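The sequence shown begins at 1 in UniProt numbering and counts up by one.
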Amino acid sequence: MSDRPDQEEILPLLLRPLVAVGVSIRMTFHAHGLLMSGVLISEGEYLKVLLEQVIAGTRAAEGAQSKAVAEGLEGLRAQVMALPEEVDATASFLHFRDVRIHYGVGTDRTATLWRVRSSAIDGISLESLEHAEKRFS
């Protein structure tokens, strides 16, 4: 039983053995009134990709201030790169890549990063499970 009353037990029980053996999990989930699908990733991978996007954006911007911000962010790179690659299935937040939001009139074609409190997820559906060597569906 979880010592956090806002956390359901089924999601960690389901995810823990899958991520332990390196299975990539693509899932559809409902949170905050939105239906989304994406691939579960670690907090470390999430922060690495996010940092790279921010650095690239600030480097592309004009002006000395933007370049100074980008250089300051470079200092964070070593700390972020040291974060673990494993997904913590018991974490308070889950992190996803390639997230697409499904609206009543269609699906957003822009894939993005998404961070959501695990207790905010109302429902899930596993789309596919992929290991480095083979795919399970």
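Where a beta carbon is used, it is the ideal one built from N, C-alpha and C, also for glycine. Just so we're clear, the structure is a prediction, and the values are computed from it rather than from any experiment.
**OP:** Tell me where the alpha helix (DSSP H) around Ala68 begins and ends.
**Re:** For this step, residue 68 is matched to residue 68 along the sequence shown. Per DSSP, Ala68 belongs to the alpha helix (DSSP H) from Ala64 to Met81.
Original post:
Apart from the five residues on each side of it in sequence, which residues of its chain come closer than 7 Å, Cβ to Cβ, to Glu85?
Top reply: For the purposes of this step, residue 85 is taken as the residue at position 85 of the sequence shown. Within the same chain, Glu85 has close Cβ partners Ser42, Gly44 and Glu45.
Original post:
DSSP three-state call for Arg100: helix, strand or coil?
Top reply: As a working mapping, residue 100 is identified with position 100 in the sequence shown. Strand, per DSSP.
Original post:
From Val105 to Ala64, what distance separates their C-alpha atoms?
Top reply: As a first step, residue 105 is located in the sequence shown; it is residue number 105 there, counting from the start. As a first step, residue 64 is located in the sequence shown; it is residue number 64 there, counting from the start. Cα to Cα, the separation comes out at about 43 Å.
Original post:
Going by the beta-carbon positions, is the gap between Asp98 and Ala31 smaller than 9 Å?
Top reply: To locate residue 98, count along the sequence shown from 1; it is residue 98. To locate residue 31, count along the sequence shown from 1; it is residue 31. No, they are not a contact pair.
Subject >> Assigned exposure category for Gly38 - 16 Cβ within 10 Å defines buried >> reply: On the sequence shown, residue 38 is found 38 positions in, with the first residue counted as 1. The residue in question, Gly38, is buried, as its Cβ has 16 or more Cβ neighbours within 10 Å.
Original post:
Could you give the residue range of the beta strand (DSSP E) that holds Arg59?
Top reply: Start at 1 with the first residue of the sequence shown, and residue 59 comes out as number 59. Here Arg59 belongs to no beta strand (DSSP E); instead the alpha helix (DSSP H) covers Glu43 to Ala60.
Original post:
Under a Cβ-count criterion, where at least 16 other Cβ atoms within 10 Å of its own Cβ denotes burial, should Ser118 be classed as buried or exposed?
Top reply: Position 118 of the sequence shown holds residue 118. With 16 or more Cβ atoms within 10 Å of its Cβ, Ser118 is classed as buried.
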